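Participant: If you read the sequence shown in the UniProt record's numbering, its first letter stands for residue 1, the second for the next number, and so on.
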Amino acid sequence: MSGHRILVIVSIYLSPSKKLLRSDIEALLALGDAVILFGDFNYKNTNWGCAVTNPGDWKRLSTALEEVDTSALNNIPDVIETTDEIDSSLGALTNHIRTVVKRCSRVVPASVDHRKLPADALELLRAKNATLSHAYAYLSRENKSRARALQRHVRARMIEVKNEEWSNLMEDIFPTHQAFWKITRALKSEGYLHTPPLKKPDSSLAVDDQEKAERIADNIVLQRSHTLPPHDSQHITFIEEEVRHKTSLDPLDDLSPVSLHAIQKIVKELKAKKAPGLDGNKAIKYFPLTLLSLLVAIFNACLKNCYFPPVWKEADVIGNPKPGKPRDLPASYRPISLLSGLGKLYGRILKTRLSEYLFDEGLLINEEFGFRPNHSCPQQALHIVEYIREGFKTNKRTVAVFFDVAKIFDRVWHAGLIYKLYLLKVPDRLILIMNHYLAPRHFILKHENTHSRLARVIFRRYRNGTQHLPSPPEGHRGAGSMVPNLEDRGKRREIGSNVVYLQKRSSPPTLRTTLGLDNRMDPTRAGVPVTSCAEGISLKYPQGKSRAVSTPVCCPAAYGEAE
1 MSGHRILVIV
11 SIYLSPSKKL
21 LRSDIEALLA
31 LGDAVILFGD
41 FNYKNTNWGC
51 AVTNPGDWKR
61 LSTALEEVDT
71 SALNNIPDVI
81 ETTDEIDSSL
91 GALTNHIRTV
101 VKRCSRVVPA
111 SVDHRKLPAD
121 ALELLRAKNA
131 TLSHAYAYLS
141 RENKSRARAL
151 QRHVRARMIE
161 VKNEEWSNLM
171 EDIFPTHQAF
181 WKITRALKSE
191 GYLHTPPLKK
201 PDSSLAVDDQ
211 EKAERIADNI
221 VLQRSHTLPP
231 HDSQHITFIE
241 EEVRHKTSLD
251 PLDDLSPVSL
261 HAIQKIVKEL
271 KAKKAPGLDG
281 NKAIKYFPLT
291 LLSLLVAIFN
301 ACLKNCYFPP
311 VWKEADVIGN
321 PKPGKPRDLP
331 ASYRPISLLS
341 GLGKLYGRIL
351 KTRLSEYLFD
361 EGLLINEEFG
371 FRPNHSCPQQ
381 ALHIVEYIRE
391 GFKTNKRTVA
401 VFFDVAKIFD
411 RVWHAGLIYK
421 LYLLKVPDRL
431 ILIMNHYLAP
441 RHFILKHENT
451 HSRLARVIFR
461 RYRNGTQHLP
471 SPPEGHRGAG
481 SMVPNLEDRG
491 KRREIGSNVV
501 YLQKRSSPPT
511 LRTTLGLDNR
521 MDPTRAGVPV
531 TSCAEGISLK
541 YPQGKSRAVS
551 TPVCCPAAYG
561 EAE
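Structure (structure tokens):
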């Protein structure tokens, strides 16, 4: 073959840890007029037998996020000052994340099984497949019998492999093992159960998924907008007018700006498997310095304008069935909100500022264990045990009341909460941001493959909760606790006056029913204070979840033997 052009053949191997660069391909193709590249590029495609297509991975996402010269990001102003500029910048940043994540994602089919089998099991599988092929090619009774025998042998060996894997896991597992809680949750779970038709208020049934989503969403709105008749309308009006007046004033306190180092520290502590969404934690962890700096500018603009962006107040809600509840009622589904990852970062900054102020000013007593770092339920239980043991030593009876309040977080009186923050002299700029955050929020409930309409959660002027704001006891500025200090053992042992009281209008029989008391116990004698401060309380206590207990004066024999 004379007179033809030179044909260049190149053999190529690309390591899986290396990225395929366009510049390398162009350099190889420039070796001649006719170039053929042979080799393994480690590129996945279903056309040549791979299970998936698209070489997307998180390294590729990190590289793509560094490309900030995009049409979306170029529209962001150099200096972000107004709330409109904050909203437009957030929209551009979110669109950029959405585009990059979609471009770098790939769908993994559920049928792919990456489980590793022992060598002898693999040999059995190969022998079984070869015998089946031989039996199909050469039909005979002997070949069929051999193939069926190998099938039974493989089936028995697979059962042995599963049992061995489970036994090895049970031998090696410990409470801090990565799979410990997954196995516990799987053993307690009943598996996936299809949602039955839900009952409507008119006794009809919601059958299709769209109707079910609407019914659960309506129930969520109802739970957060239900009101009781106001106990003192004049007092409520006064509090709400005071809050409106204070929030209309310009802030006097300044908040220190957010630093890039603080954002990097928070992002580093994010858990990658949580906060699903377009701006989920794993995508945020791959933010380059340019995007982190943009995020710092947005956060500082929000602090300056006392602003919480509305897009961060929108949530995708899923309903998880409550254990032991009838599944055909919309109220039996606990809403789980999936919020924006960027909004959660901003919330952590606000929470840190508020916590630092509360701790520095001593507004939380040592016995307050809720939502505090380095405070756990076992420590509080140990505190109670030690307090009871001190009573045994001094021959004193210990009485405790444990009660549960229904929907306590859903039905907080927001005006009263903001008013209390002003009384505690929390920085007003921080209060204004919280007030803006507590403004009406929106959510969409997702159910199966459909979702509800955009719903708005509205907190009305009167909320079911603590309306009156009695002054705290003298010498105390913090929240109450049901566990006295051990040093106060010599004082009269009763629930302090700084805890939430029961309604005064409730008679002792009603209190027994509400708290589930023993009929032989009088709640007023058991240490349950019923004072004039209770007039402003309007709470609902679920039956069966509250108890009043009393210990004997002397130590039981069993307790003494245990020691």
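Backbone N, C-alpha and C fix where the C-beta goes; we use that ideal spot for every residue, glycine too. Values in this document were obtained by computation on a predicted structure and should not be read as measured data.
Run through DSSP, which three-state label would residue 161 get?
Facilitator: Here residue 161 sits in helix by DSSP.
Participant: On the premise that residue 309 lies in contact with residue 90, defined as a C-beta separation below 8 Å, what is that separation, rounded to the nearest angstrom?
Facilitator: Confirmed, about 6 Å.
Participant: Taking residue 357 as part of the beta strand (DSSP E), name the residues at either end of that continuous run.
Facilitator: Unbroken run through residue 357 is the alpha helix (DSSP H), 341-360; no beta strand (DSSP E).
Participant: Determine whether the beta carbon atoms of residue 266 and residue 345 lie at a separation below 7 Å.
Facilitator: Contact flag set, yes.
Participant: Have a look at 221, 202, 198 and 220 and flag the residue whose alpha-carbon is nearest the alpha-carbon of residue 211.
Facilitator: Checking every option, the nearest Cα to that of residue 211 belongs to 198.
Participant: For the alpha helix (DSSP H) that residue 263 lies in, which residues bound it at each end?
Facilitator: Counting along the chain, the alpha helix (DSSP H) containing residue 263 begins and ends at 260-268.
Participant: Residue 550 lies in the beta strand (DSSP E); which residues open and close that run?
Facilitator: Unbroken beta strand (DSSP E) run through residue 550: 547-550.
Participant: Could you tell me which residues DSSP pairs with residue 450 in its beta bridges?
Facilitator: Residue 450 pairs with 447.
Participant: For residue 320, I'd like the list of residues in its chain whose CB is within less than 6 Å of its CB, leaving aside the five on either flank, ordered along the chain.
Facilitator: The residues are 334 and 336.
Participant: Looking at the secondary structure, which residues open and close the alpha helix (DSSP H) in which residue 384 lies?
Facilitator: Element bounds for residue 384: 377-393.
Participant: Any beta carbon from chain C within less than 7 Å of residue 72's own beta carbon?
Facilitator: You won't find chain C in this structure, because it holds only one protein chain.
Participant: Tell me where the beta strand (DSSP E) around residue 13 begins and ends.
Facilitator: Element bounds for residue 13: 7-13.
Participant: Assuming contact is defined by CB atoms lying nearer than 7 Å, are residue 438 and residue 251 in contact in what I supplied?
Facilitator: Cβ distance not < 7 Å, so residue 438 and residue 251 don't count as in contact.
Participant: Would you kindly work out how many angstroms separate the C-alpha atoms of residue 163 and residue 157, rounded to a whole number?
Facilitator: Roughly 10 Å between the two C-alpha positions.
Participant: So, are the CB atoms of residue 132 and residue 100 less than 7 Å apart?
Facilitator: No, these two residues do not count as a Cβ contact at 7 Å.
Participant: Could you say which of 87, 85, 79 and 94 lies nearest to residue 70 if we only look at CA atoms?
Facilitator: Out of 87, 85, 79 and 94, 94 has the C-alpha closest to the C-alpha of residue 70.
Participant: Assign residue 325 to one of two classes, buried (16 or more other C-beta atoms within 10 Å of its C-beta) or exposed (fewer than that).
Facilitator: Counting Cβ neighbours within 10 Å, residue 325 comes out exposed, since fewer than 16 surround it.
Participant: Alpha carbon to alpha carbon, what distance is there between residue 434 and residue 238?
Facilitator: Distance between the alpha carbons of residue 238 and residue 434 is about 20 Å.
Participant: Could you tell me whether the Cβ atoms of residue 297 and residue 80 are closer together than 7 Å?
Facilitator: Yes. Within cutoff.
Participant: According to DSSP, is residue 272 helix, strand or coil?
Facilitator: The answer is coil: DSSP assigns residue 272 none of H, G, I, E or B.
Participant: From this set, 445, 447 and 392, which residue's C-alpha is nearest residue 553's C-alpha?
Facilitator: The residue with the shortest Cα to Cα distance from residue 553 is 392.
Participant: Which term fits residue 453, buried or exposed, when burial requires 16 or more other beta carbons within 10 angstroms of its beta carbon?
Facilitator: Exposed, because fewer than 16 other Cβ atoms sit within 10 Å of the Cβ of residue 453.
Participant: Considering only C-alpha positions, which residue in the set 410, 449, 22 and 313 is nearest to residue 223?
Facilitator: Ranking 410, 449, 22 and 313 by Cα distance to residue 223 puts 410 first.
Participant: Roughly how many angstroms lie between the CA atoms of residue 550 and residue 378, to the nearest whole one?
Facilitator: Distance between the alpha carbons of residue 550 and residue 378 is about 20 Å.
Participant: Tell me whether residue 67 sits in a helix, a strand or coil according to DSSP, three-state version.
Facilitator: Residue 67: coil per DSSP, three-state reduction.
Participant: Note down, in chain order, each residue of its chain lying with its Cβ closer than 6 Å to the Cβ of residue 339, except the 5 sequence neighbours on either side.
Facilitator: The answer, listed in chain order, is 315.
Participant: Say yes only if the C-beta of residue 136 is nearer than 6 Å to one or more non-hydrogen atoms of the ligand GTP, and no if none qualify.
Facilitator: With respect to small molecules bound, the structure shown includes none, and the ligand GTP cannot be examined in it.
Participant: Locate the alpha helix (DSSP H) running through residue 22, then write down its first and last residues.
Facilitator: Unbroken alpha helix (DSSP H) run through residue 22: 22-29.
Participant: Could you check where the alpha helix (DSSP H) with residue 401 kicks off and where it finishes?
Facilitator: Segment 399-402 is the beta strand (DSSP E) holding residue 401; no alpha helix (DSSP H) there.
Participant: Starting from residue 317, follow the alpha helix (DSSP H) in both directions and report where the run begins and ends.
Facilitator: First-last for residue 317: 314-321, but that is the beta strand (DSSP E), not the alpha helix (DSSP H).
Participant: Assign residue 255 to one of three DSSP states: helix, strand, or coil.
Facilitator: Residue 255 falls in the coil class under three-state DSSP.
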